[in-house]
Ligand SMILES: Cc1cc2nc3c(=O)[nH]c(=O)nc-3n(C[C@H](O)[C@H](O)[C@H](O)COP(=O)(O)OP(=O)(O)OC[C@H]3O[C@@H](n4cnc5c(N)ncnc54)[C@H](O)[C@@H]3O)c2cc1C
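This is the structure we're talking about:
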């Protein structure tokens with residue numbers, strides 16, 4: 022509909038007024054009568070036995086309401102945390118999931134592991150009493166680096182004597198070996214994908230409340246998927262059946278994946294309320310706790326080899342990755358370095374044979390799970406770094422080497438499960454080359470050199486699979502849940518609309534984009550559309566927001582429900598206007614009868630639906646409310662080309678991103694402004710990974726060194742340039758809106774673009790991420806020495 | 017954070033009296049360092065003596081530049097007198113922390129705190145400033161005595177910092193990528209008493225870089241620093257920079273400070 026607020030319009034975000042004026046309603050903003058406060062006793066050791074926990078002194082501290090340990094939890098038979106995706110090793114054995122108790126039992130496995138909880142009248146009193154809980158630890162050997170974990174003397178879980186969770190493979194090993202035998206050239210690379218800490222602006226928080234009268238639990242929590250949280254807490258922890266547990270995720274201030282998972286602290290709040298007389302129990306993570314105990318991202322060590330023939334065609338690709346899982350398997354951790362990673366190893370390229378093997382390993386660190394991009398940034402990093410390296414070794418232009426190997430026919434079945442449905446990779450490359458003014462690069466490089474600086478250009482032609490995910494397909498690969506989405510469209514008698522969605526907005530702008538879809542379809546002003554989400558009492562079910570799924574899957578569910586609303590509204594309009602349904606046309610919010618001047622506005626039909634005076638309610642039910650579930654038939658495949666141009670200060674090693682171009686194909690776009698915002702944020706996070714961010718655990722002590730913003734650097738506005746964006750469009754054939762996903766693409770595409778530029782500038786094969794000034798300066802010293 | 021008693025004296029004498037009455041009392045100016053350390057449990061004073069009511073802020077320019085202890089970084093950065101007399105000092109203040117910090121944090125609090133990576137100590141030592149307290153005047157070279165320690169006696173309160181006017185001065189800061197404090201900050205000044213160069217961020221506290229001073233003594237130009245290699249001995253090393261890298265940056269930042277000097 023052409024009202025300036027429909028699909029494709031740059032509508033300002035409806036939710037921002039609330040957020041920018043401090044009127045958001047986040048979990049920590051909520052306070053319930055008689056509320057108490059929880060504070061967690063955490064392990065100061067990377068690995069230790071718990072010999073004894075003495076709470077006697079702490080119990081006598083002022084304001085203490087209750088102190089609970091793992092034994093108390095175990096006594097109530099509350100189940101431990103689970104990993105919801107079963108991975109089988111190459112040899113057929115199931116992954117080795119060690120127990121993950123809600124509060125530690127007998128052992129702690131990383132610094133920050135949850136040992137006990139103190140509940141008191143105020144947060145400060147809880148904290149003070151927590152410091153008085155006396156835990157007698159027996160320190161054990163530990164291992165924090167994934168490269169060292171296999172077979173290390175620090176044995177983290179009994180079920181995995183060599184610390185290996187699984188040894189998984191994908192692709193055809195024999196065919197790949199055969200391809201390598203025929204290769205004219207083989208490119209090899211060793212890469213580390215650095216561990217990152219998510220750092221959502223809002224720390225995790227929860228309020229658990231047990232109503233002793235109704236015997237019913239309510240949990241307010243910072244979740245990207247409150248229904249999944251309810252399902253897991255109900256079905257696996259066994260806290261209460263679903264109808265006795267309401268989970269509410271109100272405004273949530275960023276997640277980046279870290280708020281998908283079911284964590285101990287939130288479950289404890291709900292569980293403990295019952296044992297403090299039904300008083301609400303509130304917990305808000307301190308920033309230090311976020312660093313220590315939010316699930317981290319990435320942390321891969323990879324060796325890759327790529328075989329090319331004499332003409333420069335890629336004929337085979339082999340990858341071996343060691344993936345850190347941390348001390349326990351977090352909720353979806355096992356699918357990240359497997360099905361979300363290795364299935365993307367074909368990149369945008371026509372590679373006939375691929376084989377990848379992944380060893381997932383326990384380390385004495387915070388658990389690792391999905392973080393913006395989840396597996397796909399790691400895959401893209403391997404593919405785009407080795408492709409660039411191969412081009413350099415073959416003395417081919419890296420852009421043209423890519424073009425030569427691009428997939429051009431669709432659908433395209435890769436050797437690693439994915440079937441790409443649509444794309445035009447060369448179109449994106451051409452556009453990016455132009456926007457980035459690659460032709461002018463040599464002159465700019467010369468100018469930099471004249472100042473003693475080093476300039477480099479780096480490409481990344483990424484593809485990712487999102488719009489997660491076809492339920493049957495993921496089920497066959499080990500997922501414990503289906504990944505459809507649900508929606509309900511409630512039209513009110515006055516013609517305003519409420520959309521109930523199982524998607525969850527925590528920064529994405531659903532209140533705007535979803536309303537745009539409704540405005541487009543029903544001709545309703547977007548201010549007359551409300552988006553309701555994040556409450557299991559309001560929305561019947563949903564799978565939440567991650568994996569860039571809320572557009573392709575969530576909005577498709579809404580679209581389907583809107584189809585039903587439109588169909589019913591037409592029947593009502595036909596009855597009221599005394600015509601045949603077949604003669605009713607609906608456009609721009611108005612129902613007309615073909616060939617007549619009879620018409621009804623959408624609002625009039627809505628009112629008729631509820632008044633029900635003018636149709637036979639034996640034939641047409643009153644009311645106008647429809648729902649739909651949508652299960653996608655395929656992933657969606659956003660793809661694009663990023664070009665980074667960087668300049669290194671020859672004296673200090675400081676890398677400046679001079680130019681950054683991203684050309685993306687997201688299919689049809691609902692709100693270009695919001696999409697650009699997602700791309701900006703994603704690229705910035707990727708630049709963060711490449712140049713700035715790195716989680717460091719001390720090898721000797723096992724302590725988290727980067728445990729605050731004094732040591733963990735986040736990218737700032739001043740660290741990045743004004744991005745140059747471009748778009749191409751091949752509509753997605755697997756959903757009616759033709760949409761792909763845009764939430765993660767920036768973070769997926771950018772790290773290799775930056776690192777290809779850094780290595781280009783220095784003329785070296787690899788520089789470890791993050792390429793901080795110190796790291797780059799050290800490279801400069803090596804180069805100087807080599808030149809002497 | 018632990019509970020504490022709060023005082024807001026209206027005169028320096030009352031402030032000193034209140035501080036001396038309690039062994040665990042602490043002065044508070046902007047609170048930009050004190051409050052975060054209290055929140056982290058690294059400090060738990062019994063009594064806080066808020067110096068805000070002293071209204072001891074402002075800049076005066078005569079034969080020297082005097083900045084009262086309670087002057088915020090933002091006020092120093094914006095002061096026409098500071099910009100005129102020692103532009104490098106205004107620039108230094110303008111790059112401390114973020115706008116919140118600059119509008120609360122004060123020069124007195126900064127130097128009393130003497131963080132080994134703070135900016136103001138470099139300016140004080142680099143310009144040969146004099147620190148005024150309720151009891152005496154202390155030369156900057158004697159004031160900063162090591163990591164987070166100063167020549168201040170118990171209960172002694174900083175009232176002003178007096179800067180002699182240099183012929184030329186410059187400051188170049190390489191910020192720590194995460195905290196944005198100085199990973200290396202070098203302040204250079206061509207003064208009536210000769211060239212002075214001070215370094216912050218490199219060790220346990222601000223110090224004068226004798227090699228740099230000697231080289232610049234031959235001519236206050238960055239070319240004089242070509243080939244000057246600062247020793248990495250006694251220079252700190254951490255996650256963000258090795259001692260060698262910091263030592264290298266001292267020369268680079270010194271050159272940039274000289275180039276920027278006005
Ligand atoms: C996010 C952040 C970033 C920062 N970045 C930088 C930076 O880049 N560079 C930098 O140099 N600093 C930085 N700081 C520190 C900042 O400059 C502080 O303001 C300053 O160090 C302390 O000044 P204050 O007035 O806030 O002192 P307070 O926090 O009030 O006091 C600090 C200490 O000094 C004592 N004290 C205060 N006033 C007096 C006085 N008049 N006489 C005697 N003792 C006194 C107090 O008892 C206390 O021990 C940063 C701080 C923050 C929070």
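Protein chains in written order, with my numbering: chain E, 22 to 809; chain A, 17 to 278.
No residue lacks a Cβ here, since even glycine has one placed at the ideal position from N, Cα and C.
Just to confirm my understanding: we take residue 22 of chain E, look at its own chain, exclude 5 residues before and 5 after, and list those with CB closer than 6 Å. What are they?
Here residue 22 of chain E is taken as the residue at index 1 of the first chain, counted from 1. Below a pLDDT of 50, predicted positions are generally treated as unreliable, and residue 22 of chain E, at 44, falls in that range; the measurement from the model is reported next regardless. 541, 544, 609, listed in sequence order.
Could you run through the stretch 188-216 of chain A and flag, in chain order, every residue whose CB is less than 7 Å away from some CB of chain E?
Those would be 190, 193, 194, 195, in chain order.
May I ask you to report which of helix, strand or coil DSSP gives residue 422 of chain E?
Taking the first chain and counting its residues from 1, one reaches residue 422 of chain E at position 401. In the structure shown, the three-state DSSP call for residue 422 of chain E is helix.
Three Cβ pairs or more, each shorter than 8 Å: is that satisfied between the stretch 792-804 of chain E and the stretch 140-148 of chain A?
With the cut-off at 8 Å, the stretch 792-804 of chain E and the stretch 140-148 of chain A do not touch.
Residues of its chain near residue 717 of chain E, where Cβ-Cβ distance is below 6 Å and the 5 sequence neighbours each way are ignored
If you number the first chain from 1, residue 717 of chain E lands on position 696. If we look at residue 717 of chain E and ignore the five residues flanking it on each side, its Cβ neighbours are 726, 727.
Option nearest residue 155 of chain E by Cα separation, candidates E:275, E:767, E:139
What you label residue 155 of chain E is simply residue 134 of the first chain in a count that begins at 1. For the set E:275, E:767, E:139, the Cα lying nearest the Cα of residue 155 of chain E is the one of E:139.
Which stretch, first to last residue, makes up the beta strand (DSSP E) that contains residue 477 of chain E?
Here residue 477 of chain E refers to the residue found at position 456 when the first chain is read from its first residue. Note, residue 477 of chain E: beta strand (DSSP E), 475-484.
Can you pull the chain A neighbours of residue 734 of chain E, defined as C-beta to C-beta under 8 Å?
Counting from 1 along the first chain, the entry for residue 734 of chain E is found at position 713. Within chain A, the residues placing a beta-carbon under 8 Å from that of residue 734 of chain E are 193, 194, ordered along the chain.
Below 7 Å, is the gap between the Cβ of residue 52 of chain A and the nearest heavy atom of ligand 1?
Counting from 1 along the second chain, the entry for residue 52 of chain A is found at position 36. Yes.
Hey, residue 241 of chain E and residue 254 of chain E: beta-carbon distance below 8 Å or not?
On the first chain, position 220 is the one that residue 241 of chain E refers to. On the first chain, position 233 is the one that residue 254 of chain E refers to. At least 8 Å separates the beta-carbon of residue 241 of chain E from that of residue 254 of chain E.
What does DSSP give as the partner residues of residue 74 of chain E in its beta bridges?
Taking the first chain and counting its residues from 1, the one referred to as residue 74 of chain E is at position 53. Assignment of beta-bridge partners to residue 74 of chain E by DSSP yields E:156.
Kindly indicate which residue of E:676, E:529, E:792 has the alpha-carbon position closest to the one of residue 40 of chain E.
Within the first chain, the letter at position 19 stands for residue 40 of chain E. It is E:529 whose Cα lies nearest to the Cα of residue 40 of chain E.
Nearest to residue 220 of chain E by CA position, among E:804, E:633, E:781, E:709, is which residue?
Mapped onto the first chain, residue 220 of chain E falls at position 199. Closest option to residue 220 of chain E, judged by alpha-carbon separation, among E:804, E:633, E:781, E:709: E:709.
Unbroken beta strand (DSSP E) run spanning residue 80 of chain A, endpoints:
Residue mapping note: residue 80 of chain A aligns to position 64 of the second chain, counting from 1. That run of the beta strand (DSSP E) goes 80-84.
Let me see if you follow: with CB-CB separation under 8 Å, is residue 256 of chain A close to chain E or not?
Residue mapping note: residue 256 of chain A aligns to position 240 of the second chain, counting from 1. Output row for residue 256 of chain A: interface = yes.
Can you pull the chain E neighbours of residue 265 of chain A, defined as C-beta to C-beta under 8 Å?
The residue you call residue 265 of chain A lines up with position 249 of the second chain. Going along chain E in sequence order, the residues near residue 265 of chain A (Cβ under 8 Å) are 673.
Residue 182 of chain E, buried or exposed, once every other Cβ within 10 Å from all chains shown has been counted against 16
Translated into the one-based positions of the first chain, residue 182 of chain E becomes position 161. Under this definition residue 182 of chain E is an exposed residue.
From A:126, A:115, A:48, A:104, pick the residue whose C-alpha is nearest to that of residue 84 of chain A; which is it?
Mapped onto the second chain, residue 84 of chain A falls at position 68. With distances taken between Cα atoms, residue 84 of chain A lies closest to A:126.
Segment contact, 8 Å Cβ cut-off, at least three pairs: the stretch 63-83 of chain E with the stretch 126-141 of chain E
Between the stretch 63-83 of chain E and the stretch 126-141 of chain E, the count of Cβ pairs shorter than 8 Å is three or higher; the stretches touch.
Do the stretch 91-108 of chain A and the stretch 41-60 of chain A meet, that is, are 3 or more Cβ pairs less than 8 Å apart?
Verdict: no, contact absent.
Confirm the yes/no value for this check: CB of residue 163 of chain E, any heavy atom of ligand 3, distance under 7 Å.
Among the ligands in the structure shown, ligand 3 does not appear; only ligand 1 can be found there.
Cβ of residue 793 of chain E within 8 Å of any chain A Cβ
For this step, residue 793 of chain E is matched to residue 772 along the first chain. With respect to chain A, the C-beta atom of residue 793 of chain E has a partner C-beta closer than 8 Å.
Could you give the C-beta distance for residue 521 of chain E and residue 581 of chain E, rounded to a whole number, given that I count them as a contact under 8 Å?
Counting from one through the first chain, the residue named residue 521 of chain E turns up at place 500. Counting from one through the first chain, the residue named residue 581 of chain E turns up at place 560. Wrong, their Cβ atoms sit about 14 Å apart, outside the cutoff.
Integer-rounded CB distance, given that residue 369 of chain E should sit under 8 Å from residue 484 of chain E:
Looking up residue 484 of chain E in the first chain gives position 463. Looking up residue 369 of chain E in the first chain gives position 348. Rounded, the Cβ-Cβ distance is 5 Å, consistent with contact.
Nearest neighbour of residue 783 of chain E, chosen from E:733, E:319, E:622, E:807 [CA to CA]:
Working through the first chain from its first residue, we reach residue 783 of chain E at position 762. Taking each of E:733, E:319, E:622, E:807 in turn and checking the Cα distance to residue 783 of chain E, the smallest one comes out for E:807.
Report all residues from its chain with a CB closer than 7 Å to the CB of residue 749 of chain E; omit the five preceding and five following residues, and keep chain order.
Taking the first chain and counting its residues from 1, one reaches residue 749 of chain E at position 728. Short of 7 Å from the beta carbon of residue 749 of chain E, and not among the five residues preceding or following it, lie these beta carbons of its own chain, in chain order: 445, 448, 449, 452, 684, 686.
For chain A, find out if any of its Cβ atoms is closer than 8 Å to the Cβ of residue 145 of chain E; answer yes or no.
Here residue 145 of chain E refers to the residue found at position 124 when the first chain is read from its first residue. Taking a beta-carbon distance threshold of 8 Å, residue 145 of chain E counts as an interface residue toward chain A.
Spatial distance of residue 269 of chain E from residue 50 of chain E (CA atoms)
For the purposes of this step, residue 269 of chain E is taken as residue 248 along the first chain, with counting starting at 1. For the purposes of this step, residue 50 of chain E is taken as residue 29 along the first chain, with counting starting at 1. Taking the straight line from one Cα to the other gives about 13 Å.
Consider the Cβ of residue 60 of chain E: report whether some Cβ of chain A lies at a distance smaller than 8 Å.
As a working mapping, residue 60 of chain E is identified with position 39 in the first chain. No, residue 60 of chain E lies away from the interface with chain A (no Cβ there is under 8 Å from its Cβ).
Does the stretch 173-191 of chain E touch the stretch 755-764 of chain E, meaning 3 or more C-beta pairs lie closer than 8 Å?
With a cut-off of 8 Å, the stretch 173-191 of chain E and the stretch 755-764 of chain E do not count as touching, because too few Cβ pairs lie within range.
Spatial distance of residue 4 of chain E from residue 48 of chain E (CA atoms)
Only positions 22 to 809 of chain E appear in the structure, and residue 4 of chain E is not among them; the question remains open.
Compare the C-beta of residue 726 of chain E with all C-beta atoms of chain A and state if any pair is closer than 8 Å.
Position 705 of the first chain, counted from the start, is the residue given in the question as residue 726 of chain E. Yes, because at least one Cβ of chain A sits closer than 8 Å to the Cβ of residue 726 of chain E.
Scan the stretch 29-54 of chain A for residues whose Cβ lies nearer than 8 Å to a Cβ of chain E and list them as they occur along the chain.
Within the stretch 29-54 of chain A, no residue qualifies.
Over the uninterrupted alpha helix (DSSP H) stretch that includes residue 94 of chain A, give me the two end residues.
Start at 1 with the first residue of the second chain, and residue 94 of chain A comes out as number 78. That run of the alpha helix (DSSP H) goes 89-94.
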